[in-house]
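Novice: Input: one structure, supplied below.
Chains as they are written, first to last, in the working numbering: chain A, 1 to 228; chain B, 1001 to 1083.
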């Protein structure tokens, strides 16, 4: 499976994402600069964390309006996987690919530590390898990870099982303890915690590896069916 | 050219932790009368004049300058031409 890790000016988790896919998962991956890129040959798109455009205007807002997002939108519309982590999640909400918005942490402080998450939905291409209700440990590293949406949106998220990860001990004030959500179709996942920083025991947790393995497993099965 | 001013504020009902902290600081400085602070943004645009100026500026707000999920915006168009 071939992944594109999109690099914006100010991305800083692009190498971590690349390392997770290429060196730990042993799948193909390219770091793809956001300008003059062609995403057609990629099977999965990864939007890494960081501070694209220095968080100017709003976190993710400038990156969301860049040309490469037109291609990300097309890729998503075809049902192919898109994963946005941290700033990548912020970009996906700003681009309207996911509902809601990420606001300043309730405490106002930047937080960088490991959190326990609950796998609320294991029937997605990203979480099929986890048990439903399983507790996993991923690091968080954000100042604006406080997920906000209105009550009507929250009801829709719940009705469609779009809440994939929630915090066991909500660190940032997120609505309904939300840590990660998918779009309605289930092929776009945005999450604040970093699965790519939890892929080896040496990093403090290897719980994130299953997320990437689930994507690859699903891709293998679906491309097998397509090719038969 | 016309001068356009855009005010972006958080929607009512959206928590503003930054505003809350500023309010607490004002209170601790002795300004007990301050009950709420809401922080927003102020932007000045110099725009080429045209028949659809107001419509275009609203599009700019919807698409980029404000996030309609959490923010409201208000636009002021100055009458006078800017040289």
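Just so you know, even glycine gets a beta-carbon here, dropped at the ideal spot from N, CA and C.
Which residues does DSSP list as the beta-bridge partners of residue 1072 (chain B)?
Specialist: DSSP output for residue 1072 (chain B) lists B:1009 as bridge partner(s).
Novice: Since I believe residue 89 (chain A) is in contact with residue 210 (chain A) (beta carbons under 8 Å), could you give me their beta-carbon distance rounded to a whole number of angstroms?
Specialist: That pair is no contact at about 19 Å.
Novice: Are the C-beta atoms of residue 174 (chain A) and some chain B residue less than 7 Å apart?
Specialist: No, no contact with chain B.
Novice: Quick check on the burial criterion: 16 or more other C-beta atoms within 10 angstroms. Buried or exposed for residue 104 (chain A)?
Specialist: Residue 104 (chain A) is buried by the Cβ-count criterion.
Novice: Taking just the CA atoms, how far does residue 1053 (chain B) sit from residue 1079 (chain B)?
Specialist: 12 Å
Novice: Along chain B, in chain order, which residues have C-beta atoms closer than 7 Å to that of residue 101 (chain A)?
Specialist: 1067, 1069 and 1070
Novice: In the segment 119-191 of chain A, which residue ranges form an unbroken alpha helix (DSSP H) of at least 4 residues, counting only runs that do not cross its ends?
Specialist: 151-159
Novice: Kindly give me the distance between the Cβ atoms of residue 174 (chain A) and residue 147 (chain A), rounded to whole angstroms, as I take these residues to be in contact under 8 Å.
Specialist: 4 Å
Novice: Evaluate contact between the segment 100-115 of chain A and the segment 169-187 of chain A, counting only Cβ atoms and requiring at least three cross-stretch pairs below 8 Å.
Specialist: yes
Novice: Checking contacts by CB at 7 Å: is residue 1012 (chain B) closer than that to chain A?
Specialist: no
Novice: Does the segment 73-91 of chain A come close enough to the segment 1042-1050 of chain B to have 3 or more Cβ pairs within less than 8 Å?
Specialist: no
Novice: Closer than 9 Å between beta carbons: that is the criterion. Which residues of the segment 54-75 of chain A meet it against chain B?
Specialist: 57, 58, 61, 62, 64 and 65
Novice: Who are the neighbours of residue 51 (chain A) on chain B, taking C-beta pairs under 8 Å?
Specialist: Those do not exist, as residue 51 (chain A) stays about 17 Å from chain B at its closest Cβ, beyond 8 Å.
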